[in-house]
Amino acid sequence: MEIDWNGIVREHGRTVFGAAWRILGHAADAEDVVQEVFLEAQQLENSRPVDQWQSLLRRMATFRALDKLRRRKHSAPLDGLSVTAKEHAPEAIAVANELETRLRQAIAQLPSREAAVFCLRYFEESRYDEIARSLQISPAAAATALHKAREKLKTLLADFDGEN
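Pasting the structure below:
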């Protein structure tokens, strides 16, 4: 059976872009990830049938975005993710932007599974069962990976007090 790639892209493109953008915070990088994901998905479909496109594409987008985040220079521009200050004072905005940058750098240092679980939970707002299904792990493994990710991020971000 011939796959309707235009239909798959129309149906899941926004999800793939959203997952990548929330991790990277940069539209051009997210668009690159979208292209990589759909190219890789097409190659994968040629080798074996896919049952759950949404889970597969979200997982692929998460991992490709994390790969791009790890390769990124530390001074990459941001499009302003939703880590915003409650105040609109320039200092508060600068602190929020610095925290956003530091969080992305810290996530890039996590092992792949922990980074993926963290991003799916907090950027995609996925439930544990959705994360487990998407990453093909048990809910308990997802919970353990999330706990480890939070502990490592706490350590990596411990010196950030917003006044550096």
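Numbering (this note's numbering), first residue to last: 13 to 176.
Virtual Cβ for every residue (Gly too), placed ideally from N, Cα, C.
All values reported here derive from a predicted model rather than from experimental measurement.
#1: Let me make sure I understand the geometry here. Which of Ala39, Glu43, Asp41 and Leu68 has the alpha-carbon closest to that of alanine 53?
#2: Report back the beta-carbon spacing between proline 151 and alanine 161 to the nearest angstrom; my notes put them in contact at under 8 Å.
#3: What did DSSP end up calling glycine 19 once you bin it into helix, strand or coil?
#4: How about leucine 147 and alanine 154: do their beta carbons lie closer than 8 Å?
#5: Distance check for phenylalanine 135 and alanine 31, CA to CA, integer angstroms please.
#6: Which residue comes first and which comes last in the alpha helix (DSSP H) that contains leucine 56?
#7: Near alanine 73, which residues of its chain fall below 7 Å by C-beta distance, leaving aside the five closest residues on each side in sequence?
Per the coordinate set shown:
#1: Leu68
#2: Incorrect: roughly 15 Å between the Cβ atoms, too far for contact.
#3: helix
#4: yes
#5: 7 Å
#6: 39–59
#7: Val28, Ala31, Ala32, Val45 and Val49
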